[in-house]
Every structure is written in structure tokens, then in C-alpha cells.
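**Student:** Provided herewith is a single structure, encoded as C-alpha cells, for subsequent inquiry.
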Amino acid sequence: WKDVELEISVLTPSRPIRDPDEIVPGRDGVVLQKGGKSAVFLPQVATEQGWSREEMLDHLSRKAGLPAGAWREGATFSVFQAEVFSEKDVE
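So for the sequence shown, this note's numbering puts the first residue at 203; every next one is plus one.
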């Protein structure tokens, strides 16, 4: 267990947005819903992976079991922020 790093994300309540252009990678976590399917990414995922907004939404679509690009039509989005605590912060 000495190689395991613990990280906790405390999330704010999510709020719906009208336009995916409102999403700021690295600040916003995203919930995507479409056709009875959904997926979520924490705010840090896009930054850690080096993804643009569009790349993040393509990956999020695939995570939901949809084709990449499915987010462009008929999807709904909610965003949230997170306070991230890590063991590294306490050392």
C-alpha cells in the first residue's frame, strides 16, 4: 500500500448549462446526459490528460457509451467544481 496515493474531491452542487462552450476545462467537472446514458468527469481529468474542451467531450461521450461527437446534438450538460485534497498536501 505504500505506493497508493489517496486523493479526495469535494464537489460543489452541479448546475445545468445551456451551451458546452461554457465549460472551462480544469475548472469544471462535467455531467453529460443523452438518450438515457450519462457520464461524468471530475474537473482535473481534462487537464491531467492534456485535452481541449472538444476532446474532453468526445471522451466523455465514449465513456457514456455513445460515439465521439454525440455531445454536439441533443445532449444536456451540468457542471460542478471540486476542492481536491491529496496526501501530498499534508506531507
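Beta carbons are placed, not taken as given, at the ideal position from N, Cα and C, and that holds for glycine.
Between E163 and L208, which are expected to be in contact by the criterion C-beta below 8 angstroms, what is the C-beta distance as a whole number of angstroms?
**Tutor:** There is simply no residue 163 to check, as the chain begins at 203 and stops at 293 in what is shown.
**Student:** W273: which of F287, D223, G252, D205 sits nearest, CA to CA?
**Tutor:** That would be D223, whose Cα lies nearest to the Cα of W273.
**Student:** Spell out the partners DSSP gives R217 in its beta bridges.
**Tutor:** Answer is V281.
**Student:** May I ask you to report which of helix, strand or coil DSSP gives A272?
**Tutor:** In the structure shown, A272 sits in a helix (DSSP, three-state: H, G or I).
**Student:** With a CB to CB cut of under 6 angstroms and the five nearest residues on each side skipped, what residues in its chain are close to A241?
**Tutor:** Answer for A241: L234, L262, K265, A266, listed in chain order.
**Student:** Out of curiosity, what's the CA-to-CA distance linking Q174 and F282?
**Tutor:** This structure leaves residue 174 out entirely; the chain is present only between 203 and 293.
**Student:** Relative to the C-alpha of T278, which residue among V212, R220, T249, D205 is closest?
**Tutor:** Comparing Cα-Cα distances from T278 to each of V212, R220, T249, D205, the minimum goes to R220.
**Student:** Which class does V247 belong to by DSSP, given the choice of helix, strand or coil?
**Tutor:** Correct three-state label for V247: helix.
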